[in-house]
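This report refers to the structure that appears directly beneath it.
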Amino acid sequence: MSLFVADGLVKRFGGLLATDHVSLTVEAGEIHALIGPNGAGKSTLVNLISGLLPADAGRVLLDGTDLSTLAPHQRARAGLGRCFQITSVFRNDSVRDNLLLAVQAQAGSSFRCLRRRDSERELMARALELAAQLGLTAVLERPAGTLPHGVQKQLDVALALASRPRLLLLDEPMAGMGPEDSLQMLGLIERLRGDTAILLIEHDMDAVFQLADRISVLVYGRVLTSGDAAHVKAHPEVQAVYLGTEAA
Ligand SMILES: Nc1ncnc2c1ncn2[C@@H]1O[C@H](COP(=O)(O)OP(=O)(O)OP(=O)(O)O)[C@@H](O)[C@H]1O
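For the sequence shown, the UniProt record's numbering begins at 1 and goes up steadily by one.
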């Protein structure tokens, strides 16, 4: 059984069929990239998966559980983590406090049985672990809003990982980044491989081809094809409708 299943998702905006019976799976530990030209329906699909938009038809399953009727925060609790194109950090708070808050929010009742000091120590340890994982240890005391854009995106990913998601939705993690920050983010995502399954939307094709175990190509709201990088690169329609224009 696949970790994640999108099954026949449909979304209409008036007369426009933005998501046209999209089905895809993400396996445990897999990085599955979603690519497609502007307006193909990538953001709409991610919004249907995370529950920000109601689907007109279709289902979303995680570990066999149907999440389709759940609100976004309930889906997050069930294991769907999400990073946004616009960073969701608290700008005036330090990186440490941002991480602590996210870890605390996630921990909820699970620490209730511990003594207060023990639970605080546990939460801090988890926050520091996330900081190390995402390369943020050196900037722990900095107010998040003063960090360069690329580092804020790293923090954004760390905040999404605080809930230990089963599937992480990464919506253009490299958007607006220069080559150096992109490379850094690429390395960070590479290091998450295996720990967390990832559904990655990204325009940077080099990054996609390097990171993705599997790639699905969306065109006019439909999955044109799905496969590994070699399969997608060799697909004549992909070359015509997407890579040809994107690479130009
Ligand atoms: N709220 C909305 N109301 C009406 N039409 C919408 C809405 N959101 C998206 N659309 C339309 O649905 C189609 C898919 O848009 P979407 O943003 O999902 O594409 P995308 O692949 O994410 O594009 P991009 O790469 O430019 O972000 C587009 O034609 C878009 O204009």
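Just so you know, even glycine gets a beta-carbon here, dropped at the ideal spot from N, CA and C.
- DSSP beta-bridge partners of Thr25: Val5
- Task: Kindly provide the chain-ordered list of residues whose Cβ lies closer than 5 angstroms to any non-hydrogen atom of ligand 1.
- Result: Phe13, Ala18, Asn38, Gly39, Ala40, Gly41, Lys42, Ser43, Thr44
- Which one or two residues does DSSP pair with residue 294 in a beta bridge? Beyond the ends of the chain as shown, which are 1 and 248, falls residue 294; an answer cannot be given.
- Contacting residues, own chain, Cβ-Cβ under 7 angstroms from Met1 (five flanking each side not counted): Gly64
- Task: Specify whether the stretch 73 to 85 and the stretch 135 to 152 touch according to this definition: at least 3 beta carbon pairs, one from each stretch, less than 8 angstroms apart.
- Result: no
- Message: So, at 6 angstroms on beta carbons, what are the nonlocal neighbours of Gly79 in its own chain, with the 5 sequence-adjacent residues on each side left out?
- Response: Leu62, Pro165, Arg166
- Are at least three pairs of beta-carbons, each pair with one atom in the stretch 32 to 50 and one in the stretch 121 to 136, less than 8 angstroms apart? no
- Item | Alpha-carbon to alpha-carbon, Ala102 and Gly221 | 34 angstroms
- Task: Report buried or exposed for Ala76, applying the criterion of at least 16 other Cβ atoms within 10 angstroms of its Cβ.
- Result: buried
- Beta carbon of Ala127, beta carbon of Leu99: below 8 angstroms? yes
- In whole angstroms, what is the alpha-carbon distance linking Met174 and Val151? 11 angstroms
- Task: State the DSSP-derived secondary structure class of Pro236, mapped to helix, strand or coil.
- Result: helix
- Could you check how far apart the C-beta atoms of Leu147 and Leu155 are, in whole angstroms? I think they sit under 8 angstroms. 7 angstroms
- Task: Enumerate in chain order the residues of its own chain whose CB-to-CB distance from Thr137 is below 6 angstroms, with the five nearest sequence positions on each side excluded.
- Result: Ala131
- Query: Can you list, in chain order, the residues of its chain whose CB lies under 8 angstroms from that of Ala40, leaving out five sequence neighbours each side?
  - Reply: Leu218, Val219, Tyr220, Gly221
- Query: How long is the line joining the alpha carbons of Gly227 and Asp93, rounded to whole angstroms?
  - Reply: 42 angstroms
- Distance between Glu190 and Ala162 (C-alpha atoms, nearest Å): 18 angstroms
- Item | Counted within 10 angstroms of its Cβ, other Cβ atoms place Ala240 as buried (16 or more) or exposed | exposed
- Name the one or two DSSP bridge partners that Arg12 has. Leu17
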